[in-house]
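Undergrad:
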Amino acid sequence: MSQQQRLEIVDPAEAPPVWAALRNEAEAAGQKEAALASLLAAVILNHKTLDGALSYQLARKLGDQELRAMSIREIAEDAYAANPALVSTAEADLKAVFERDPACKGYLQPFLFFKGFLALQTQRVAHWLWEEGRETLALYLQSRMSELFQVDIHPATRIGRGVFIDHGTGIVIGETAVIGDDVSMLQGVTLGGTGAERGDRHPKIGKGVLLGAGAKVLGNIEIGDYAKIASGSVVLKPVPAGCTAAGVPARLVNCPTCDEPARSMDHTLAETVYDYVI
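Each residue of the sequence shown is one higher than the last, beginning at 877 in my numbering.
Now the structure itself:
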């Protein structure tokens, strides 16, 4: 019996759409690239569910001499079993990548290769550990995330569903930051503090916000729903919902901005600029 024949077959009609599509893409890729057939079988096709495949993929990436892949796989499996919402959230994150990244041709690419997606799923498991009081292990996963993906997100950070981290390199997000649903951010984004004070000190990012490449949002400030932070901006004061902030220091340059900027990934500024000091 061939390896392909030994694989578990999941009826697409009975599987979640993302999982069925991911399996179909993996099967097609394995037929086209024989050199990757074993990898695709081990990571995706040998599993019956998305959480099983994701546990294996995170373990494969994060395992090292100190914490072996099998241990990380068990940790991820425990997290998904205890909180099934983590699996549906991962599915929403995959959809976000596919819908918003024009370079993405399906679900297989981000699942296997996109470090923004993989870093985000690592943080979600680490956050579960943090909430369970297992802070040292959570911080260990944060360290591995930073080493592997150049993305540094504190495990205490609260992150909503359908979040898209494009490219990922150089992203830093602090302990008390909160990120709403359907947010998109590019490389080099910092959600940080403004000093050495403790307590609630990091930004609160609303639903559907777009954070451009290199944007710095600092302090315990609120970025309102569907706002846009232009690339390279330094934001030190709150931004109202539906507005765009740009510059160093940032100013409001048009209100309202485009509809759902995080979904459209529209980084342009209006030709007519309304300059509001914030």
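Yeah, the Cβ is synthetic: ideal placement off N, Cα and C, and Gly gets one too.
Everything numeric in this text was worked out from a predicted model, so none of it was measured.
#1: Which term fits Pro960, buried or exposed, when burial requires 16 or more other beta carbons within 10 angstroms of its beta carbon?
#2: Straight-line CA distance for Leu984 to Lys924?
#3: Would you kindly check if the distance between the Cβ of Gln1063 and the Cβ of Ala1089 is under 7 angstroms?
#4: Would Phe1040 pass as a contact of Arg976 if the rule is Cβ separation under 7 angstroms?
#5: Would you decide whether Glu909 is buried or exposed? Buried here means 16 or more other CB atoms lie within 10 Å of its CB.
#6: Can the beta-carbon of Gly1036 be found less than 7 angstroms from the beta-carbon of Gly1050?
#7: Would you mind working out which of Glu1098, Tyr1102, Gly1118, Ala1117 sits nearest Val1111, comparing C-alpha positions?
#8: Between Gln999 and the rest of its own chain, which residues show a CB-CB distance below 6 angstroms, the 5 nearest in sequence each way excluded?
#9: Out of Pro1137, Glu1073, Gly1075, point me to the one whose CA is closest to Gly1082's CA.
#10: Let me make sure I understand the geometry here. Which of Asp927, Gly1123, Asp1135 has the alpha-carbon closest to that of Ala1117?
#11: Is Gly906 buried or exposed, if buried means 16 or more other CB atoms sit within 10 Å of its CB?
#12: Put Ile1097 into one of helix, strand or coil per three-state DSSP.
#13: Reducing DSSP to helix, strand and coil, say where Phe993 ends up.
#14: Assuming Gly992 contacts Gly1044 (C-beta within less than 8 angstroms), just tell me the rounded distance between them.
#15: If you drop the 5 nearest sequence neighbours on each side, which residues of the same chain put their C-beta closer than 7 angstroms to that of Val973?
#16: How long is the line joining the alpha carbons of His1078 and Ser914, rounded to whole angstroms?
#17: Buried or exposed: Gln880, going by 16 or more other Cβ atoms within 10 Å of its Cβ?
#18: In angstroms, rounded to a whole number, what distance separates the CA positions of Leu883 and Gln941?
#19: Apart from the five residues just before and just after Gly928, which ones in its own chain have a Cβ nearer than 8 angstroms to its Cβ?
#20: Mind reading off the beta-carbon distance from Ile1047 to Val1059? Whole number of angstroms is fine, and I expect it under 8 angstroms.
TA: So, from the data block:
#1: exposed
#2: 16 angstroms
#3: yes
#4: yes
#5: exposed
#6: no
#7: Glu1098
#8: Ile1029
#9: Pro1137
#10: Asp1135
#11: buried
#12: coil
#13: helix
#14: 4 angstroms
#15: Cys980, Pro986, Phe990, Phe993, Phe1040
#16: 44 angstroms
#17: In this prediction, Gln880 has a pLDDT of 41, which is less than 50 and means its spatial position is unreliable; what the coordinates show is noted afterwards. That one is exposed.
#18: Here Leu883 scores only 44 on pLDDT, less than 50, and its place in the model is too uncertain to base an answer on.
#19: Glu953
#20: Contact doesn't hold; Cβ gap of about 12 angstroms is too wide.
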